[in-house]
Amino acid sequence: MQQVANGIFSGSIYALFAIGFALVFGVLDRLNLAHSAVFAAAAFVGIDLVGSVGVPVWLALPLVLIFGALLGLVIERLAFRPLKNRHDAHFAGLISSIAVGAMILALVQARYGPGTRRFPVGTFPSTAFTVGGVRITLLQLVILGVSVALMLGLAYVVERTRLGRGMRAVAENPHAARVLGINVDRVTATTFAISSALGAVAGVLLSFYVNSAQLSMGFNIELKGLAVIVVGGMASLRGAMVGGIALGLAEVFAVAYIGSSWRDAVAFGLLFAVLLIRPQGLFGNPRAREV
Amino acid sequence: MRPRSIPLAAGGAAVALLLTSCAASSGGDVTPSEPAATGSTSAAPGAGGTGDECTLSDPVKVGAALSLTGAAGSYGASQQKGLQTALDTVTARGGITYDLKVEDDQTDPKQGISIFEQFLNRDKVSVILGPTLSNAAKTTDPIAQEAKVPVLGVSNTAAGITEIGDYVFRDSLPETAVIPQTIQKAKESLGLKKVVVMYSNDDAFTESGYQAFEAALKDNNVEIIKTLTFSKADTDFRALLTEAKDAAPDALVVSGLIEAAIPLVTQARQVGITAPIIGGNGFNSPKLMADAGQAAEGVVVGAAWNSASASPENSAFLEAFKAKNGSDPDQFAAQAYTGLILVDDAVRAKCSAAPADVRDGLAGLSDIKTPLGSFSFDEQREPQHPAVVQVVKDGAFTVLQ
Chain A
1 MQQVANGIFS GSIYALFAIG FALVFGVLDR LNLAHSAVFA AAAFVGIDLV
51 GSVGVPVWLA LPLVLIFGAL LGLVIERLAF RPLKNRHDAH FAGLISSIAV
101 GAMILALVQA RYGPGTRRFP VGTFPSTAFT VGGVRITLLQ LVILGVSVAL
151 MLGLAYVVER TRLGRGMRAV AENPHAARVL GINVDRVTAT TFAISSALGA
201 VAGVLLSFYV NSAQLSMGFN IELKGLAVIV VGGMASLRGA MVGGIALGLA
251 EVFAVAYIGS SWRDAVAFGL LFAVLLIRPQ GLFGNPRARE V
Chain B
1001 MRPRSIPLAA GGAAVALLLT SCAASSGGDV TPSEPAATGS TSAAPGAGGT
1051 GDECTLSDPV KVGAALSLTG AAGSYGASQQ KGLQTALDTV TARGGITYDL
1101 KVEDDQTDPK QGISIFEQFL NRDKVSVILG PTLSNAAKTT DPIAQEAKVP
1151 VLGVSNTAAG ITEIGDYVFR DSLPETAVIP QTIQKAKESL GLKKVVVMYS
1201 NDDAFTESGY QAFEAALKDN NVEIIKTLTF SKADTDFRAL LTEAKDAAPD
1251 ALVVSGLIEA AIPLVTQARQ VGITAPIIGG NGFNSPKLMA DAGQAAEGVV
1301 VGAAWNSASA SPENSAFLEA FKAKNGSDPD QFAAQAYTGL ILVDDAVRAK
1351 CSAAPADVRD GLAGLSDIKT PLGSFSFDEQ REPQHPAVVQ VVKDGAFTVL
1401 Q
């Protein structure tokens, strides 16, 4: 039971990261590989805010969210907008987002150095509860709460608001959306902002969870995020949520029953298995769009 | 998943660029070539007296190959400060002056080779200190051995260093010497009967630390109820620690590097493990208390240097280091400091800067009072001095009683 709880908590962070990935992919049909750089940059900025500036933790999360959103706008402007009219915009955007991601990481390294950074001791109270033999810390509850709240908030935005309608229209057909009077550029920029804001919060939550932030932390989760959205069915937000939790559980059980060295092998083996059995992913539409 | 290889390739290219741009920044003080001051006879010109009375007119040339940049950069920087502090100490003894040349091997054994060749062929040094890392020592020390110039490692702890040859020494206690003392002391003090062992199995040093722990636990009749492995890049240990907790051990024995040690210790307390944690050499850093805070309380670590030792040599070292550098030394600084002190004693023993005489002087050192304690070299040129078993108490390392 304890291991199930461990898996759900780390899985909720994967889900939050992956959902940002899936949002951009689902709405705009673009794979934003700078997402992992946002994730790592946000962790460093969060640590800096709490550690050096002295911002309280509860305020650091919304600040990082804003930071992520701004970074998302920058990524859109630098990596995607200049290329959007090219016929190979998918691939060009993929490459240019790698470049922007590398730039973000270089700036983070210039500012914070190459070493591991941590939150100051005692940032988070070490309160723990025992429920039915399962030990859960306050930190874990906060992580789960923030992740779920943000994911539900996103679902509400996409399904119920004017902005969400715009996103869905753009996802369906950007040209038709433009004809219908939707400001496609603004919807695109907003989508990137929301996506990166979610990725940024995921970065801070992970650095909370493991009490460390490294420059390389994004690369590892980038692969996991890709795995999660593939398992979940590329563009599906619900799939990304479930896929994230599933990956978290798979990892924990791999560690518990096979050995820690096999963690990634099992997780990606699972990805492979899902692709063989259900090529469209768990929640994907069988008529998958052409990518 | 074709796109997956792209970020990695891009990252690799970026790293390669960084490395090449760093490579241009080596170099150092270029001294005009001088006639070799390294005759084979013990009586160099201007030499007189022995021991404390010894005076040499020419400065003794000492080369130090340290990793000042790169992955081991923080260790090398600390060693350099230790050496600079020692330089003041040995100069104050009078009679002998030292020309200390510090070069940066950039944590790259290949760079270490060219530094050694420069020390041997151009600078004609009497003795070389370093290099910082054991895997560099394995490639560089044979060069000095062939040239018959003594090398004194001040931080190499891997097995097989001094086996390179009779000109290779080290003053850094290997983990295999520290760990048995740690386990024995921990068993006496904490009453260990059964433990869970965790180690990262993708790193040569933590794996050899694990083997030393395993042997020491067996010798002390402590049962290993479970062995868990992790990767040196892991940061989330909760699943493993839950496994460990279920086994209800008397202690957790961990061989890992400091980057893994900090989250591991923090998370162990979060999942509710209250048993003591016994760490290998990787845990021996003040960063552990600085970053893990309250969670680090009760962590037991064996070490070669007791920072809290009240011996006159150690007190003098602490004071001099702090006055010169404005910070407290770590074990790397203490061992580097001791290295130059030992060189001074070796030079004075024969009152000669000739490499062969320095080698013989080093080999003959016994019961030298140093910050590391009473120091001798054994027949294998390995250091002999007591290890200290520390426990974290109130945010600082204290001696385990």
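Those protein sequences? They're chains A and B, same order as listed.
So in the numbering used here, spot 257 of the first sequence is number 257, and the numbers just go up one at a time.
Here the numbering used here runs 1000 ahead of the position in the second sequence, where the first position is 1.
For each residue, glycine too, the CB sits at the ideal point set by N, CA and C.
Chain order gives no chain A residues near Gln-1079/B, where near means a beta carbon separation below 8 angstroms; the closest approach is about 18 angstroms.
The beta-carbon of Tyr-209/A is placed less than 8 angstroms from the nearest beta-carbon of chain B.
For Arg-1359/B, none of the residues of chain A pass the 9 angstroms Cβ criterion, the least Cβ distance being about 38 angstroms.
Of the residues assessed, Asn-1306/B falls on the buried side of the cut-off, its CB having 16 or more other CB atoms within 10 angstroms.
DSSP lists no beta-bridge partner residue for Asp-1330/B. In the DSSP assignment, Lys-1110/B falls within the alpha helix (DSSP H) that extends over 1109-1117.
Fully contained in the stretch 1151-1196 of chain B are the following alpha helix (DSSP H) runs of length 4 or more, in chain order: 1175-1190. Going by DSSP, Arg-135/A is part of the beta strand (DSSP E) stretching over 134-137.
For Ser-36/A, same chain residues with a beta-carbon under 7 angstroms away, outside a window of 5 residues either side, are Gly-101, Gly-218, Phe-219, Ile-221, Glu-222 in chain order. Ser-1309/B sits in coil when the DSSP states are folded into three classes, being neither helix nor strand. DSSP places Gly-1373/B within a strand segment (E or B) once states are collapsed to three.
C-alpha of Gly-122/A to C-alpha of Glu-1297/B: approximately 14 angstroms in a straight line. For Ser-261/A, the nearest beta carbon of chain B is closer than 8 angstroms to its own beta carbon. Leu-205/A is positioned such that its CB atom lies no closer than 8 angstroms to that of Val-228/A. If you compare the alpha carbons of Lys-1148/B, Leu-1372/B, Met-1198/B with that of Lys-1232/B, the shortest gap goes to Met-1198/B.
Boundaries of the beta strand (DSSP E) harbouring Gln-1390/B: 1388-1393, taken from the DSSP string. Residue nearest to Asp-1202/B within the set Phe-1213/B, Ala-1177/B, Val-1399/B, Phe-1230/B is Phe-1230/B (criterion: CA-CA distance). In the three-state scheme derived from DSSP, where H, G and I count as helix and E and B as strand, Gln-1384/B is classed as strand. Per DSSP, the unbroken beta strand (DSSP E) holding Ile-1278/B starts and ends at 1277-1279. Ala-197/A places its beta carbon 8 angstroms or farther from that of Ala-18/A. With a 10 Å radius around the Cβ and a threshold of 16 neighbouring Cβ atoms, Leu-1083/B comes out buried.
Considered as a whole, the stretch 75-135 of chain A harbours 128-131 as its complete beta strand (DSSP E) runs of no fewer than 3 residues, in chain order. When Lys-224/A, Leu-276/A, Ala-79/A are compared, the shortest CA-CA separation from Ile-13/A is found for Lys-224/A. Counting only the Cα atoms, Asp-48/A lies some 37 angstroms from Thr-1227/B.
Non-local beta-carbon contacts of Gly-1070/B in its own chain, meaning distances under 7 angstroms to residues more than five positions away in sequence, involve Gln-1106, Thr-1107, Asp-1108 in chain order. In the DSSP assignment, Gly-1302/B falls within the beta strand (DSSP E) that extends over 1299-1303.
The CB of Pro-1263/B comes closer than 8 angstroms to the CB of Val-210, Asn-211, Ser-212 in chain A, given here in chain order.
Rounded to the nearest angstrom, the gap between the Cα atoms of Val-64/A and Leu-276/A is 38 angstroms. Ala-1308/B sits exposed, since fewer than 16 C-beta atoms from the chains shown fall within 10 Å of its C-beta.
Ile-13/A: member of the alpha helix (DSSP H) spanning 2-28, first to last residue.
Residue environment: Lys-1061/B is assigned as buried (16 or more neighbouring CB atoms within 10 Å of its CB, all protein chains considered).
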